[in-house]
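Residue numbers (the numbering used here): 848 to 1390. A short write-up of the structure that comes next.
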Ligand SMILES: Cc1cc2nc3c(=O)[nH]c(=O)nc-3n(C[C@H](O)[C@H](O)[C@H](O)COP(=O)(O)OP(=O)(O)OC[C@H]3O[C@@H](n4cnc5c(N)ncnc54)[C@H](O)[C@@H]3O)c2cc1C
């Protein structure tokens, strides 16, 4: 039972302080007359490994900052459960992600527009990418300076990454020094969401500078349990703060920013979703919306792992206390060295078939290797490539397992269900092997550890992908934007059929973008803040 004394009053209640939630809270509270409450299930981002880029490996499976989900056994992964880390801390997944800065292709947003989403074409969204950005290279047609999200060049040009780039160029792939400029295609180094060698999460870039505002209240350890409705109008949120039931009232709007797993979960728990599923769990239906939790997309990757001929990999550093000390000192004194490294420093965006209009596969390289990152790096010199298809056609779903908000929902990714997805990952693995066979790369390789020399046919490569692949952590589209019967929000991100309720996070992407999803999610937050501020918020019922 909610204790009446614990009721908080706000204009906007933002649920989830992740990539999009921090943007929303910071932007909406710029108006001193607007009261914003931000609820975050996790805690403060004071774990030091969050802020050291390579500390990514330390938070990857740390339940103190991570939901550490596991997807349901998936036929596409030969029945395995795939580990799904998601940030549970201020900054959300932007506090634990690989910091790779990729916006996606211009064609992705033009497709969103083509699907009926007015205001979301590539030229419509570019100003919001730019508004977010502080580009350390300076401003140009595609980039700007002065925004909260610092985007920096990779300073650590590891010999293995250099060889990968040279090998790809030798095969005829174009060099690309800006994947977020005119074209994504080609090979080069990623830029990263870091500032002076430290992670720039949305908590660091947006939230902390805003946190002293008297009109912004951030409640950590606050698990939102249910949206409260008066008829079909959202009027607040019931939440549990360190075990205590509380209520926050929203005079204007409730804005869900829980991410692609938790925003649909929150809608379903609150009675907005497919009525049969809700009835089966004894949840009263507020509004029948069949698309909630459906249309899930994710990037499924397959690895190629190599034994390295020289002791130059991060694996080697981790084997020696002396080298760890040296690397630590290098970082603390000069903000350089392996600790500044993002998840995959360099990559190739490639078309697996000449007739494609834009790249359909990404291959990234990292100078380290592991069987499972959560178990630590290999004890031998190793490195790896990660291959994934950029625009999967397979669609999965998120469903409730129970009506208890503390229970994780069931995640059914349905990987590699579509023939296009299977073919692209196999073709991508073959391109990766061709790069590894170039003289530039061969000198670093003693042996292909996985898939291994015995794996040669397309079917064997596909089985390798199914047996060893995993997510690159980009679930989207579970509350997709659109006007079709499975759409959950409209182009202003208002939930269809409900007043005073929006979803603003990676779940609204109509289709997953071609690349890493953090920058696009931040863009969504920036655009949504404008939509709210422009006063286009007067709730309306679906026709
Ligand atoms: C390990 C990992 C590596 C990645 N690497 C990259 C990368 O290198 N580059 C890139 O671009 N993208 C990367 N991504 C993806 C990217 O970070 C995400 O797509 C993006 O952060 C999603 O943002 P979001 O706002 O949708 O959700 P999130 O950032 O996940 O935020 C959701 C927030 O809501 C909170 N929340 C959820 N439920 C509740 C509730 N009931 N009550 C209160 N709070 C709640 C969560 O704790 C979380 O803080 C990675 C992701 C992960 C997990």
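The beta carbon of each residue, even a glycine, is placed where N, CA and C say it ideally should be.
Kindly provide the ranges of any beta strand (DSSP E) runs that are 3 or more residues long and lie completely inside the stretch 852-929, ordered along the chain.
The stretch 852-929 contains, as complete beta strand (DSSP E) runs of 3+ residues, the segments 854-862, 883-887 (chain order).
My output table needs one value for residue 1138: the three-state DSSP class, helix, strand or coil.
coil
With respect to 7 Å, is the separation between the Cβ of residue 1070 and the closest non-hydrogen atom of ligand 1 below this value?
Result yes, Cβ under 7 Å from ligand 1.
Ordered along the chain, which non-local residues of its own chain (more than five positions away) have a Cβ less than 7 Å from that of residue 891?
937, 1067
Among 879, 1086, 1314, 1260, which has the Cα closest to the Cα of residue 1380?
879
Tell me, please, whether the stretch 978-998 touches the stretch 1036-1053 by the rule of three or more beta-carbon pairs shorter than 8 Å.
yes
Which of the three DSSP states, helix, strand or coil, is assigned to residue 1253?
Residue 1253 falls in the coil class under three-state DSSP.
What whole-angstrom Cβ distance do residue 1057 and residue 876 have, given they're in contact under 8 Å?
6 Å
For ligand 1, is there any heavy atom lying closer than 7 Å to the beta carbon of residue 898?
no
Identify the residues that DSSP records as bridge partners of residue 1156: which are they?
None; residue 1156 has no bridge partner.
Along the alpha helix (DSSP H) that carries residue 953, what are the first and last residues, could you check?
953-961
I'd like to know whether the C-beta atoms of residue 1154 and residue 1294 end up nearer to each other than 8 Å.
By the CB criterion at 8 Å, residue 1154 and residue 1294 fall inside the cutoff.
In the DSSP output, which residue or residues are listed as bridge partners for residue 1399?
Lying before the first or after the last residue shown, residue 1399 is absent from the chain, which here runs from 848 to 1390.
Among the candidates 1365, 1026, 991, 1152, whose CA atom is the shortest distance from the CA of residue 974?
The shortest C-alpha separation from residue 974 is found at 991.
Is residue 1374 closer than 8 Å to residue 860 when the C-beta atoms are compared?
No, the Cβ-Cβ distance between residue 860 and residue 1374 is not below 8 Å.
To the nearest angstrom, how far is the alpha carbon of residue 1281 from that of residue 1210?
One C-alpha to the other measures close to 12 Å.
Taking the alpha-carbon positions, what's the residue 1351 to residue 1228 distance?
Roughly 43 Å separates the two Cα atoms.
Let me know the secondary structure DSSP gives residue 1267 once reduced to three states.
helix
Can residue 997 be considered in contact with ligand 1, in the sense that its beta carbon sits closer than 7 Å to one or more heavy atoms?
no
What are the complete beta strand (DSSP E) segments, minimum 3 residues, inside the stretch 1029-1086?
1033-1036, 1063-1067, 1069-1077
Count Cβ pairs between the stretch 1163-1176 and the stretch 1110-1120 that sit closer than 8 Å; are there 3 or more?
Pairwise C-beta distances place the stretch 1163-1176 out of contact with the stretch 1110-1120, as fewer than three of them are shorter than 8 Å.
Can you name the residues that DSSP bridges to residue 948?
1038
Since I believe residue 1124 is in contact with residue 1252 (beta carbons under 8 Å), could you give me their beta-carbon distance rounded to a whole number of angstroms?
That belief does not hold up - the Cβ atoms of residue 1252 and residue 1124 are roughly 16 Å apart, past 8 Å.
For residue 858, collect the residues of the same chain with a Cβ closer than 6 Å to its Cβ; drop the 5 residues on either side in sequence, then sort them by chain order.
881, 882, 1098, 1099
What residue range does the alpha helix (DSSP H) around residue 1311 cover?
Where residue 1311 is concerned, the enclosing alpha helix (DSSP H) stretches over 1305-1315.
Hey, residue 1037 and residue 947 are a contact pair by Cβ (cut 8 Å); roughly how many whole angstroms apart?
5 Å
Between residue 1193 and residue 1208, is the Cβ-Cβ spacing less than 8 Å?
No, these two residues do not count as a Cβ contact at 8 Å.
Are the beta-carbon atoms of residue 1311 and residue 1149 separated by less than 8 Å?
yes
Under three-state DSSP, which class holds residue 1000?
Collapsing the DSSP output to three states places residue 1000 in a strand.
Is residue 1359 helix, strand or coil by DSSP?
Of the three classes helix, strand and coil, the one that applies to residue 1359 here is coil, per DSSP.
Alpha carbons only, please: which of 874, 1060, 1220 is nearest the one belonging to residue 1231?
1220
Got a sec? Which residues, its chain only, sit under 6 Å from residue 849 by beta carbon, not counting five neighbours each side?
Summary for residue 849: the model assigns pLDDT 38, below 50, so the residue's position carries little reliability, and this model does not support an answer.
May I have a chain-ordered list of the alpha helix (DSSP H) segments no shorter than 4 residues that lie completely inside the stretch 962-1021?
969-979, 1006-1017, all fully within the stretch 962-1021.
Leaving aside the five residues before and after residue 853 along the sequence, list all residues of the same chain whose C-beta is less than 6 Å from its C-beta, in chain order.
1093
For the beta strand (DSSP E) holding residue 1231, just list the boundary residues, first then last.
Residues 1229-1236.
How far does the beta strand (DSSP E) with residue 826 in it reach, from first residue to last?
This structure gives no information on residue 826, because the portion of the chain shown stretches from 848 to 1390.
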